[in-house]
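Visitor: Under the numbering used here, read the sequence shown as residues 3 to 440, first letter to last.
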Amino acid sequence: MNRDNPNLLERLLRRACKIEQAEVRATLASFALVLVLMAAYYILRPVRDAMASDWTDAEVSWLWTFTFFFSAVAVSLYGAAVARINVRRLVPGVYGFFALSFALFYLGTQLLEDRTLVDKSFYVWVSVFSLFHISVFWSFMADTFSQPQSTRLFAFIGAGASVGAIAGPALATLLAGQGNTDPLLLIAAATIIATLPLVIWVQRLKISDLGNTGVTAGQDDFEYIGGNPFAGFAEFISNPYLLGIGLFIFLYTSIGSFVYFELKNLMADYSRAERAQIWASVDLVVNTLTLMIAMFATGRIASRMGLSFTLASVPVVIGLGMLMLMAAPAVATVVLLQIVRRAGNYAISRPAREMLFTAVDRETRFKAKPVIDIVVYRGGDMLNAWGFTALTQGLGLGIAATAGVGAGIAFLWAGTGIALGRAFKRKAEAGQAVPADP
Numbered sequence: 003m004n005r006d007n008p009n010l011l012e013r014l015l016r017r018a019c020k021i022e023q024a025e026v027r028a029t030l031a032s033f034a035l036v037l038v039l040m041a042a043y044y045i046l047r048p049v050r051d052a053m054a055s056d057w058t059d060a061e062v063s064w065l066w067t068f069t070f071f072f073s074a075v076a077v078s079l080y081g082a083a084v085a086r087i088n089v090r091r092l093v094p095g096v097y098g099f100f101a102l103s104f105a106l107f108y109l110g111t112q113l114l115e116d117r118t119l120v121d122k123s124f125y126v127w128v129s130v131f132s133l134f135h136i137s138v139f140w141s142f143m144a145d146t147f148s149q150p151q152s153t154r155l156f157a158f159i160g161a162g163a164s165v166g167a168i169a170g171p172a173l174a175t176l177l178a179g180q181g182n183t184d185p186l187l188l189i190a191a192a193t194i195i196a197t198l199p200l201v202i203w204v205q206r207l208k209i210s211d212l213g214n215t216g217v218t219a220g221q222d223d224f225e226y227i228g229g230n231p232f233a234g235f236a237e238f239i240s241n242p243y244l245l246g247i248g249l250f251i252f253l254y255t256s257i258g259s260f261v262y263f264e265l266k267n268l269m270a271d272y273s274r275a276e277r278a279q280i281w282a283s284v285d286l287v288v289n290t291l292t293l294m295i296a297m298f299a300t301g302r303i304a305s306r307m308g309l310s311f312t313l314a315s316v317p318v319v320i321g322l323g324m325l326m327l328m329a330a331p332a333v334a335t336v337v338l339l340q341i342v343r344r345a346g347n348y349a350i351s352r353p354a355r356e357m358l359f360t361a362v363d364r365e366t367r368f369k370a371k372p373v374i375d376i377v378v379y380r381g382g383d384m385l386n387a388w389g390f391t392a393l394t395q396g397l398g399l400g401i402a403a404t405a406g407v408g409a410g411i412a413f414l415w416a417g418t419g420i421a422l423g424r425a426f427k428r429k430a431e432a433g434q435a436v437p438a439d440p
């Protein structure tokens, strides 16, 4: 591309995210990679969520508990892989493994008459995948782009997730309407396989176009990260910066659990195929909205208003929505909160949160980050699920009372975002990464 006479695509990209000429191919390849990944997940998500309405709050809470423990085991195994497998092979290896697992689940649905165990195992496994695949992706991105590039480009790259999250539910809605959701598992497995050549291409563009060898602190991509496989857990516990990110995610899951359980209970009277269509339709609306915000707004908000404002904006809006729900409980308000929460997370909070990891070293990105993204997230799900069950089935509280609790959590979440943004700014100004062993 000619810098003095850019083509139409480059002009559009510059409007969206202030992209530089040398960054175009790597940015578009990363956009395509997360697009395909999220399409695969959103093919599976409605299938998973449609199952939940067949079970009680307590049953789902137990499944979320199992998800937490499986996530902890998966992250430990991943930490061992990070220590022994070079990064160039690690990322495609993870995605190939998940593709194989969903193909095996499809076989299970066809061979077993009693599907209860298969369905509940699938529910747990998709919940593990839902965080694992995107955590690995953003670790890969933080290892590919520099801190200044992340502020400008991560929101646009994240918009690729929204495009994939539109395509996935559209396909799921179409096929679920035919009454059989089993083939979606095979389609998702094939879609995940399609990410492998994109991963390889991004790895090459990091050197050929971006020249970002310094992002890995001088390490060659073929080298092992090494170290203790469980170092990520110890590093997270001892590092205040990482603990802050963990708290931010935990508070987000508190709000998410409240909204998820309310919607799950409201759809108990629908068939599984109808629920899958409803969940997929909500996904379609959320991700269309997310795409518009992420493509043209988030990067500019982060650049002009700073990371503290960006991280706190969605929690403040959610807090105000919870106060509205407390004053006037209504189903429509719960649905609106779900849309705002998820669209705000995907378009604003998630890209901003991933920028925080460009201020840490490589071992942290691949070892401690999955602990935060997966174990802390699923631990939050587990605790908040049982907390919601205690409030509703134990104490008999209604929507209004639990919304009041949610409002307080949302404003605490906003305060945590402000503190994290300030910490990131100090790191960026000092030109330092958070050390691996603080």
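Glycine is no exception: its CB is placed at the ideal position from the N, C-alpha and C atoms.
Report the rounded CA-to-CA distance for L249 versus K369, giving the unit in angstroms.
Guide: Using only the alpha carbons, I get a separation of about 18 Å.
Visitor: Give me the Cα-Cα distance between N347 and V316, rounded to the nearest whole angstrom.
Guide: Each residue's alpha carbon lies about 7 Å from the other.
Visitor: Applying the 10 Å Cβ sphere with the 16-neighbour rule, what's the burial state of S240?
Guide: Exposed, because fewer than 16 other Cβ atoms sit within 10 Å of the Cβ of S240.
Visitor: Taking the straight line between their C-alpha atoms, what separation do you get for F104 and I194?
Guide: Taking the straight line from one Cα to the other gives about 10 Å.
Visitor: With distance defined between alpha-carbon atoms, name the residue in T153, T366, V288 nearest to L339.
Guide: Answer by Cα proximity: V288.
Visitor: Does the beta-carbon distance from Y44 to G213 come in below 8 Å?
Guide: Their beta carbons are not under 8 Å apart, which means Y44 does not touch G213 by this criterion.
Visitor: V337 bridges to which residues according to DSSP?
Guide: In DSSP, V337 forms no bridge with anything.
Visitor: Between the alpha carbons of T335 and G81, how many angstroms are there, rounded?
Guide: When rounded, the distance between both Cα atoms is 41 Å.
Visitor: I'd like to know if the segment 348-368 and the segment 132-146 are in contact, where contact means that at least 3 CB-CB pairs between them fall below 8 Å.
Guide: At 8 Å Cβ cutoff, the stretches touch.
Visitor: Determine the direct distance from the alpha carbon of T29 to that of I87, and round the result to whole angstroms.
Guide: Taking the straight line joining both Cα atoms gives about 26 Å.
Visitor: Closest by CA to G160, which one among M40, V126, A236?
Guide: The shortest Cα separation from G160 among M40, V126, A236 belongs to M40.
Visitor: Provide the residue span of the alpha helix (DSSP H) that contains T118, from first to last.
Guide: 118-144 is the span of the alpha helix (DSSP H), which, as asked, contains T118.
Visitor: For the alpha helix (DSSP H) containing G51, name the first residue and the last one.
Guide: Per the sequence presented here, residue 51 reads as Asp, with Gly not at that position. It spans 26-54 - the alpha helix (DSSP H) in which D51 sits, taken as one unbroken run.
Visitor: Measuring straight from C-alpha to C-alpha, what distance separates K427 and T360?
Guide: If I take the Cα positions, the gap works out to 11 Å.
Visitor: Any contact between the segment 66-82 and the segment 384-397? By contact I mean 3 or more CB pairs, one from each, below 8 Å.
Guide: They touch, by the three-pair rule.
Visitor: How would you call V75, buried or exposed, if buried means at least 16 neighbouring beta carbons within 10 angstroms?
Guide: Exposed, because fewer than 16 other Cβ atoms sit within 10 Å of the Cβ of V75.
Visitor: How long is the line joining the alpha carbons of A329 and G323, rounded to whole angstroms?
Guide: One C-alpha to the other measures close to 10 Å.
Visitor: Under three-state DSSP, which class holds A219?
Guide: Residue confidence is low: A219 scores 34 on pLDDT, short of 50, so the model does not pin down where it sits. Its coordinate-derived value is still stated next. Looking at A219 - three-state DSSP - the assignment turns out to be coil, as it is neither helix nor strand.
Visitor: Could you tell me the boundaries of the alpha helix (DSSP H) in which V484 lies?
Guide: In the structure as shown, the chain starts at 3 and stops at 440, and residue 484 therefore has no counterpart that could be examined.
Visitor: What residue from A192, I401, L119 has the CA that sits closest to M326's CA?
Guide: Taking only the C-alpha atoms, the option nearest M326 is I401.
Visitor: Could you give the distance in angstroms between the alpha-carbon of A85 and the alpha-carbon of E365?
Guide: If I take the Cα positions, the gap works out to 9 Å.
Visitor: Within 10 Å of its beta-carbon, does E61 have 16 or more other beta-carbons around it, so buried, or fewer, so exposed?
Guide: Its Cβ having fewer than 16 others within 10 Å, E61 is exposed.
Visitor: Suppose you measure from the CA of P94 to the CA of K429; what does that come to, to the nearest Å?
Guide: Near 31 Å, if we compare the C-alpha coordinates of K429 and P94.
Visitor: Are G321 and A409 touching if we call contact CB-CB under 8 Å?
Guide: Yes, Cβ-Cβ distance for G321 and A409 is below 8 Å.
Visitor: CB-CB under 6 Å to L106, same chain, minus the five flanking residues each way: which ones, in chain order?
Guide: Correct list: empty, nothing qualifies.
Visitor: Give the DSSP-derived three-state secondary structure of T404 in the structure shown.
Guide: In the structure shown, T404 sits in a helix (DSSP, three-state: H, G or I).
Visitor: Buried or exposed: which applies to G419, given that a residue is buried once 16 or more other Cβ atoms fall within 10 Å of its Cβ?
Guide: The residue is buried, with at least 16 neighbouring Cβ atoms inside 10 Å.
Visitor: Which residues in the same chain have their Cβ closer than 6 Å to the Cβ of A416, if we skip the five residues on either side of it in sequence?
Guide: The answer, listed in chain order, is A314, P317, V318.
Visitor: Measure the C-alpha to C-alpha separation of A275 and P185 and round it to an integer number of angstroms.
Guide: Roughly 13 Å between the two C-alpha positions.
Visitor: Please report the Cβ distance between L200 and L79, rounded to the nearest whole angstrom; I am assuming they are in contact, meaning their Cβ atoms lie under 8 Å.
Guide: Rounded, the Cβ-Cβ distance is 24 Å, inconsistent with contact.
Visitor: Using 10 angstroms around the beta-carbon of E115, count the other beta-carbons present and answer buried if the total reaches 16, otherwise exposed.
Guide: The residue in question, E115, is exposed, as its Cβ has fewer than 16 Cβ neighbours within 10 Å.
Visitor: Check whether the Cβ atoms of R117 and D285 sit closer than 8 Å, and answer yes or no.
Guide: No.
Visitor: Using the beta-carbon count (16 or more within 10 Å), is F390 buried or exposed?
Guide: Its Cβ being crowded by 16 or more others within 10 Å, F390 is buried.
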